[in-house]
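Residue numbers (the numbering used here): 961 to 1418.
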């Protein structure tokens, strides 16, 4: 974005108070994340705080404009020369209106990625490929994959960026459709359909309905990229009114994963249109070869050379708390604690079992938003953990008891109440060379086990 404050006010139908000549380049809903001069601060009223209380702090942090509600504008101090107020009825709507207006002027390729597992890694891999081949672009950062974050991503697009890449997340019906209609992608990637956010989607068919909103609402002439090994997506794809390409299995028509090998750096063989390439990733988890295949397939749709894409994808590193390796006192920790669902849990356990070295331990936090079948789903993961050859399974929190039940007599298993108790058990049992998987939903905060293990205290 490169707009003056007057232009922003006009696009969102707001009343401008202050200078109309200040130039804005990006936006944020958290005044601490403005980062640099030229920000637009959207004063969102949240559950814990009201952004209108931080307009002055936003000005000090580099904001040149603040989107504020009409009913609160009178309470705010007169703006200084370095920030203007844009007074609107609803700040959230104004943010969407600004993003929609800016999207109309985008001529660069636009891609969106969603799925129950792997969407962030796939998005990062695709961004790495496109940066290396097309040039600098704009991609979703952090957790900006929701109803507030996606508009911020669109607004952050610079006129010189060579692509726009948006990650689309959802935990209730209708969000993916709304975000797709805002972003208007030409290429849509669905990584998979799995048992995630079942509290909102009820069952896998509900998840399918939500995720398939992306390919169903692509721009005219668009292309959907999805895994041939996913039976729900394959069946539903017959009704998508777009071009379709697949990745993953032998039945895939574009990028196939011919072989995989687990390790600190997963590697495998990919095939595409008669070409074969050995790929070594900069992250663990053989399942990430499927994410790489998804990213490469999307890149091929955009005309990127297969071998160039394979070269670039191997340089992309894991994002924090996603298959991230840490070592403490000679014990290696595989931290995958950003999110969790049964499919992701089992994939992480497979990655752990494929590592060479000492004994293997797992600390599994509760999988949140699993709906009425949450106990059964936790028991299934516990059974998978026991079958993976663990020395000890530590189930943490509300789901821990169900993990232990599921493990049965397949391995030693114990339920603990919190991270401190898990860390104490690991200190007692682990020795140098052992490997520990830390996996759970974001709300489980299972990564705190690391600090407690290192500190030796509560």
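Glycine is no exception: its CB is placed at the ideal position from the N, C-alpha and C atoms.
Ignore the nearest five residues each way along the sequence and tell me which others in residue i's own chain have a CB closer than 7 Å to its CB.
i: residue 1194; result: 1188
i: residue 1257; result: 1185, 1205, 1207, 1214 and 1215
i: residue 1061; result: 971
i: residue 1095; result: 1122
i: residue 1403; result: 1328
Alpha carbon to alpha carbon, how far is residue j from residue i? Give it in angstroms, no decimals.
i: residue 1291; j: residue 1414; result: 10 Å
i: residue 1107; j: residue 1101; result: 14 Å
i: residue 1076; j: residue 996; result: 33 Å
i: residue 1035; j: residue 1278; result: 45 Å
i: residue 1364; j: residue 1301; result: 17 Å
i: residue 1350; j: residue 1342; result: 11 Å
i: residue 967; j: residue 1112; result: 17 Å
i: residue 1225; j: residue 1250; result: 14 Å
i: residue 1314; j: residue 1039; result: 59 Å
i: residue 1271; j: residue 1085; result: 11 Å
i: residue 1396; j: residue 1356; result: 14 Å
i: residue 1255; j: residue 1235; result: 17 Å
i: residue 1309; j: residue 1158; result: 22 Å
i: residue 1383; j: residue 1296; result: 16 Å
i: residue 1134; j: residue 1172; result: 11 Å
i: residue 1145; j: residue 1320; result: 43 Å
i: residue 1372; j: residue 1354; result: 9 Å
i: residue 1339; j: residue 1348; result: 14 Å
i: residue 1362; j: residue 1407; result: 20 Å
i: residue 990; j: residue 1013; result: 11 Å
i: residue 1018; j: residue 994; result: 8 Å
i: residue 1263; j: residue 1190; result: 25 Å
So for residue i, helix, strand or coil by DSSP?
i: residue 1216; result: strand
i: residue 1354; result: strand
i: residue 1392; result: coil
i: residue 1333; result: helix
i: residue 1293; result: strand
i: residue 1069; result: coil
i: residue 1201; result: coil
i: residue 1126; result: strand
i: residue 979; result: coil
i: residue 1009; result: coil
i: residue 1148; result: strand
i: residue 1157; result: coil
i: residue 1111; result: helix
i: residue 1134; result: coil
i: residue 1098; result: strand
i: residue 1186; result: strand
By alpha-carbon positions, which one of the options ends up nearest to residue i?
i: residue 1204; options: 1149, 1120, 1242 and 1043; result: 1149
i: residue 1128; options: 1142, 1382 and 1166; result: 1142
i: residue 1031; options: 1186, 1051, 1043 and 1017; result: 1051
i: residue 1401; options: 1156, 1061, 980 and 986; result: 1156
i: residue 1114; options: 988, 1015 and 1296; result: 988
i: residue 1387; options: 1223, 1044, 1288 and 1268; result: 1288
i: residue 992; options: 1237, 1275, 1015 and 1073; result: 1015
i: residue 1020; options: 1012, 1005, 1043 and 1013; result: 1043
i: residue 1079; options: 1299, 1063 and 1220; result: 1299
i: residue 978; options: 964, 985 and 986; result: 964
i: residue 1063; options: 1293, 1179, 998 and 1104; result: 1179
i: residue 1029; options: 1008, 1055, 1267 and 1095; result: 1055
i: residue 1166; options: 1390, 1330 and 1294; result: 1330
i: residue 983; options: 1253, 1048, 1344 and 1025; result: 1025
i: residue 1067; options: 1118, 1332, 1190 and 1325; result: 1118
i: residue 1220; options: 1259, 1398, 1202 and 1245; result: 1245
i: residue 1161; options: 1212, 1131 and 1183; result: 1131
Starting from the C-beta of residue i, find all residues in its chain whose C-beta is less than 6 Å away, skip the five residues before and the five after it, and write them out in chain order.
i: residue 969; result: 976 and 1046
i: residue 1360; result: 1375
i: residue 1110; result: 1126 and 1139
i: residue 1303; result: 1077 and 1154
i: residue 1097; result: 1090, 1121, 1122 and 1123
i: residue 1218; result: 1229 and 1231
i: residue 1011; result: 1003 and 1004
Return the Cβ separation of residue i and residue j in integer angstroms, given the expectation that the two are a contact with Cβ distance under 8 Å.
i: residue 1367; j: residue 1346; result: 4 Å
i: residue 1000; j: residue 1027; result: 7 Å
i: residue 1274; j: residue 1242; result: 6 Å
i: residue 1337; j: residue 1327; result: 7 Å
Whose C-beta lies closer than 8 Å to the C-beta of residue i among residues of the same chain, with five residues either side of it excluded?
i: residue 1168; result: 1153, 1192, 1193 and 1196
i: residue 1318; result: 1391, 1392, 1393, 1394 and 1395
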